[in-house]
Amino acid sequence: MSLQELIIEEMNTDCDYRSGTSCSRIIDRYEGSNAETKAALDDVFISLSGWSLQTLIENYKANNTSLSD
Numbered sequence: 001m002s003l004q005e006l007i008i009e010e011m012n013t014d015c016d017y018r019s020g021t022s023c024s025r026i027i028d029r030y031e032g033s034n035a036e037t038k039a040a041l042d043d044v045f046i047s048l049s050g051w052s053l054q055t056l057i058e059n060y061k062a063n064n065t066s067l068s069d
């Protein structure tokens, strides 16, 4: 199993992920981070999904009116 597959499996079985609780936490943590931390997170997300975390958050906000989705 690849690291990406393991991450997907863990996300799919996490009750916070399913309830949407972690969504606002991820956004709050990212937006409260310094530039170096944001760059590191963006790099990891680009490796996992092809998109930076910043882009994913922007797309999420553009398509959702509630951060608890």
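Residue 10 in this note's numbering is what sits at position 10 of the sequence shown, and the numbering runs on without skipping anything.
For glycine and all other residues, C-beta sits at the position ideal for the given N, C-alpha and C.
These numbers come from a predicted model, not from an experiment.
Residue i, buried or exposed, once every other Cβ within 10 Å from all chains shown has been counted against 16
i	result
Leu3	exposed
Leu53	buried
Asp69	With a pLDDT of only 43 at Asp69, under the threshold of 50, the placement of this residue in the model should not be trusted, and no figure is reported.
Gly50	exposed
First through last residue of the alpha helix (DSSP H) which encompasses residue i
i	result
Asn34	From DSSP, Asn34 is part of no alpha helix (DSSP H); its letter is neither H nor E.
Thr55	Leu53 to Asn63
Residue i, DSSP secondary structure in three states
i	result
Met83	For residue 83 there is no data in the structure shown, the boundaries of the chain being 1 and 69.
Thr21	helix
Asp28	helix
Asp79	This structure leaves residue 79 out entirely; the chain is present only between 1 and 69.
8 Å contact criterion, which residue i and residue j should meet: CB distance rounded
i	j	result
Ser33	Leu41	7 Å
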